[in-house]
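Q: Just so we're aligned: 40 in UniProt numbering is position 40 of the sequence shown, and the numbers increase by one with no gaps anywhere.
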Amino acid sequence: MASLIHTAQRALGTAEQLIVAIPHSIALFALRAALAIPFWRSGMTKWDGFLNLSSGARYLFEQEFKLHVFGQAFSYPFPLTMAFLAGLGEVILPVLLVLGLFTRLAALGILAMTIIIQLTIPDGLINFHLPWAAMALGLMAFGGGRLSLDAVMAPFGGRRRGGAVAS
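Take a look at the structure:
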């Protein structure tokens, strides 16, 4: 019995060593891509050509989307401006995330959008908004990693912040 327990402990130790060996930069790249994809897909539905909002985006922001605050539903202020800004954010920020360019700022932008989306669609907290917020916070805390343009540009950027280029 002791031999079986010892074998199981060794197997678990080996598995843990393999998991720990995964470079942080690969994990951060996967995190950046996972956060970018849903926003990119949503952003692609908002445009009918260069800087031309789709009719669907216009309708949603003018008629359907409401901000749910303090138990009340309020129409978006300046709905077409909000649609335009959301569409830009949903296209530009995911590109920055995948490239790892200005990763922390892009993640902050995604977090801000996630908060507004949560106020618009309160039922999406557990399945969508909470994981998005957690991913954005992780990227804000750890940066883009070594597989990012942030890491390539770090030697030229002057001051380096702690953890800006994780391994």
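We treat Cβ as the ideally placed atom computed from N, Cα and C, and that holds for glycine.
What you are looking at is a predicted structure, and each value in this text was computed from that prediction instead of being measured.
On the criterion of 16 or more Cβ atoms from any shown chain inside 10 Å, does V98 qualify as buried, or is it exposed?
A: Within the sequence shown, numbered from 1, the residue matching residue 98 stands at position 98. That one is buried.
Q: In the structure shown, what three-state DSSP assignment does S75 receive?
A: Here residue 75 is taken as the residue at index 75 of the sequence shown, counted from 1. Note: S75 maps to strand in three-state DSSP.
Q: In whole angstroms, what is the alpha-carbon distance linking V20 and S55?
A: Against the sequence shown, residue 20 aligns to sequence position 20. Against the sequence shown, residue 55 aligns to sequence position 55. Cα-Cα distance, rounded: 48 Å.
Q: Please return the same chain residues whose Cβ sits closer than 8 Å to the Cβ of P38, not counting the five positions on each side in sequence.
A: Taking the first residue of the sequence shown as position 1, residue 38 is located at position 38. Excluding positions up to five away in sequence, the list reads F128 and W132.
Q: Do you know how far the Cα of H24 is from the Cα of S167?
A: In the sequence shown, residue 167 corresponds to position 167, counting from 1. In the sequence shown, residue 24 corresponds to position 24, counting from 1. Bear in mind that the predicted position of S167 carries a pLDDT of just 46, short of 50, making it unreliable; the figure below should be weighed with that in mind. About 5 Å.
Q: Quick one: give me the first and last residue of the alpha helix (DSSP H) that L149 is part of.
A: Working through the sequence shown from its first residue, we reach residue 149 at position 149. Segment L149 to M153, the alpha helix (DSSP H) holding L149.
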